[in-house]
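Undergrad: Going by the working numbering, the sequence shown opens with residue 1, and the numbers climb by one from there. My questions will all concern the structure given below.
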Amino acid sequence: MYNYKPYLTKRPNKLWAISIAIATLISAFGLSYAFRRQQKTAANHLCVGVILPLTGNSAYIGQSIKNGMDIAGTDVNKNLSLQLEYSDTGGEVARVVTAYQSLVNVKKCQSIIAVQEGVKALIPLAAKDQRVLLATSVPDNGITGKNPWVFRFFVSAESDTGISYRDSFAQKFSQLGGNIIETQAFNPNDIDFRTQALKIKLAAPDAVYIVGYGKSIANIPIQLREAGVTATFLSMGTISQPEILQAAGEAANGLYYTTAEFATDLNAGTSELKQFVDAYRSRFGTNPVFFEFFGYDSLRLLLLAAERGGTEPEKLRQGLENLANVPLAVGNVSVGKDGNVEFPIVVRKIVDGKWTTPE
């Protein structure tokens, strides 16, 4: 008679059972370790999306800022993982929101640096998505102070920018007893300013404050002098770009402008300045000029905030808010209660195509 013994009724080998237990424990431990490591990596990972013009009329500004950020991106705390995502707008305002949405929704960036006109459209989006928005080279007074997620670093000028500068300058100048007798506006891509120059000539001011950026700004002092305007010219740091001064030539002689100290003396200021300049020279074979510093420091601000607070959006925002008297390339930097990044400003004068310290 066939003696049938079901397999399941047979008592399993003890060694085999122990092997299964060990394998299960090892497997569970491996999954747990991988999960904890993934959590740690996510917690220490910072994605920074950058909206800027890398093509178009303002491409040299966007590329300069990108160069600075690329340098900052090589000096990251070993406990922090950085992902830099650049989005080119070509200088077109209409592309700013689309760029933001892609960086936040597709790339999952916790923070956005915007080097572009049209940043105002991003303010409600940053609040809704709870994303840190750092506007660089955007001076519009309506950007900060209303939304805790929005910060602003450095001021430049173009379109809304020029209006912001006009209002700020007019307010302070009037407080000091000055009188503004004529205001003329122009579009970002304009190259012919002779109509405005004629009106300024007729107004006969003692000084003319020139606000703008882009290479065409060199035409303004030239055409003002051609129109017979003999007033002293005042401006901002963007006019001190070497290519602008070269194009403006004799017309820029005697012009006073405000800027950060680094823009005129690469040996002055903080150790961070020297570190950045040395790294920039090593990588690009030339000195940084102006916008590169703000690209570098913009990313450094976010990295410091992440190191001190954390990479989660709320912790990153709090970390940025609490930065005070931090040595960066532009000098000792603090973040004000209104979200504006504060740094030292100096006055310089153009003499024979070069900057000097006025007496």
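Glycine is no exception: its CB is placed at the ideal position from the N, C-alpha and C atoms.
Quick one: what's got a C-beta closer than 7 Å to Ala231's C-beta in the same chain, skipping five residues either side?
TA: Pro205, Asp206, Ala207, Val208
Undergrad: Could you say if the region 329-344 and the region 110-117 meet the contact criterion of at least three C-beta pairs nearer than 8 Å?
TA: no
Undergrad: State buried or exposed for Ala305, treating a residue as buried only when at least 16 other CB atoms are found within 10 Å of its CB.
TA: The residue is buried, with at least 16 neighbouring Cβ atoms inside 10 Å.
Undergrad: Of all the alpha helix (DSSP H) runs that stay within the bounds of the region 113-199, which reach a length of 4 or more residues?
TA: 123-129, 160-175
Undergrad: Give every residue of the same chain whose Cβ lies closer than 8 Å to the Cβ of Cys109, excluding the five residues on either side of it in the sequence, and list them in chain order.
TA: Setting aside the 5 residues that flank it on each side, Cys109 is surrounded in the same chain by Cys47, Val48, Gly49, Gln83, Glu85, Leu103, Arg131, each with a C-beta closer than 8 Å to its C-beta; the list follows chain order.
Undergrad: Keeping to the same chain, check which residues put their C-beta closer than 6 Å to that of Gly353; ignore five residues upstream and five downstream.
TA: Leu245
Undergrad: So, Asn147 versus Ile123, is the Cβ gap smaller than 8 Å?
TA: yes
Undergrad: So what's Gly228 in DSSP terms, helix, strand or just coil?
TA: If DSSP states are grouped into helix, strand and coil, Gly228 belongs with coil.
Undergrad: Give me, in chain order, the residues of the same chain whose beta-carbon lies closer than 6 Å to that of Glu292; leave out the 5 immediate sequence neighbours on both sides.
TA: Ser64, Asn67, Gly68
Undergrad: Considering just the uninterrupted stretch of the alpha helix (DSSP H) at Ser298, what are its terminal residues?
TA: 291-308
Undergrad: Once DSSP output is grouped into helix, strand and coil, what is the label at Ile210?
TA: Coil at Ile210, not helix or strand.
Undergrad: Just verifying my parser: in three-state terms, what is the DSSP assignment at Lys40?
TA: In this prediction, Lys40 scores a pLDDT of 39, lower than 50, which makes its location untrustworthy; no coordinate-derived value is stated.
Undergrad: Is DSSP giving Gly339 helix, strand or coil here?
TA: coil
Undergrad: Who are the near neighbours of Val351 in its chain, counting only those whose CB is closer than 8 Å to its CB and skipping five residues on each side?
TA: The beta carbon of Val351 sits closer than 8 Å to the beta carbons of Asn253, Gly254 from its chain, once the five residues preceding and following it are set aside; these are given in chain order.
Undergrad: Using alpha carbons as the reference points, say which of Glu261, Asn44, Pro242 lies closest to Arg348.
TA: Checking every option, the nearest Cα to that of Arg348 belongs to Glu261.
Undergrad: Mind reading off the beta-carbon distance from Ile61 to Tyr280? Whole number of angstroms is fine, and I expect it under 8 Å.
TA: In fact, because the Cβ distance is near 16 Å, the residues do not count as touching under 8 Å.
Undergrad: Can you tell me whether Gln175 is buried or exposed? The criterion is at least 16 other CB atoms within 10 Å of its CB, across all chains shown.
TA: exposed
Undergrad: Looking only at its own chain, which residues have a Cβ that is under 7 Å from the Cβ of Tyr296, when we skip the five neighbours before and after it?
TA: Gly68, Met69, Ile71, Ala72, Phe276, Ala329
Undergrad: Which stretch, first to last residue, makes up the beta strand (DSSP E) that contains Leu52?
TA: In the DSSP assignment, Leu52 falls within the beta strand (DSSP E) that extends over 45-52.
Undergrad: Using the Cα positions of Asn189 and Ser216, report the straight-line distance between them to the nearest angstrom.
TA: 7 Å
Undergrad: Quick check on DSSP: helix, strand or coil for Asp265?
TA: DSSP, reduced to helix, strand and coil, places Asp265 outside both helices and strands of the structure shown, so it counts as coil.
Undergrad: Decide if Pro221 is buried, meaning its Cβ has at least 16 other Cβ atoms within 10 Å, or exposed.
TA: The residue in question, Pro221, is buried, as its Cβ has 16 or more Cβ neighbours within 10 Å.
Undergrad: DSSP on Gly62, reduced to helix/strand/coil?
TA: helix
Undergrad: Quick one, are the C-beta atoms of Leu80 and Glu321 less than 8 Å apart?
TA: no
Undergrad: Check the DSSP bridge columns for Gln275 and list the partner residues they point to.
TA: In DSSP, Gln275 forms no bridge with anything.
Undergrad: Starting from Thr258, trace the beta strand (DSSP E) in both directions and tell me its first and last residue.
TA: 256-259
Undergrad: Would you kindly work out how many angstroms separate the C-alpha atoms of Ala21 and Val150, rounded to a whole number?
TA: Interpretation of Ala21 is limited by its pLDDT of 48, a score under 50 that renders its predicted location unreliable; the figure taken from the coordinates is listed afterwards. Looking at the two C-alpha atoms, the distance is approximately 54 Å.
Undergrad: Locate the beta strand (DSSP E) running through Lys354, then write down its first and last residues.
TA: 354-356
Undergrad: Put Leu103 into one of helix, strand or coil per three-state DSSP.
TA: helix
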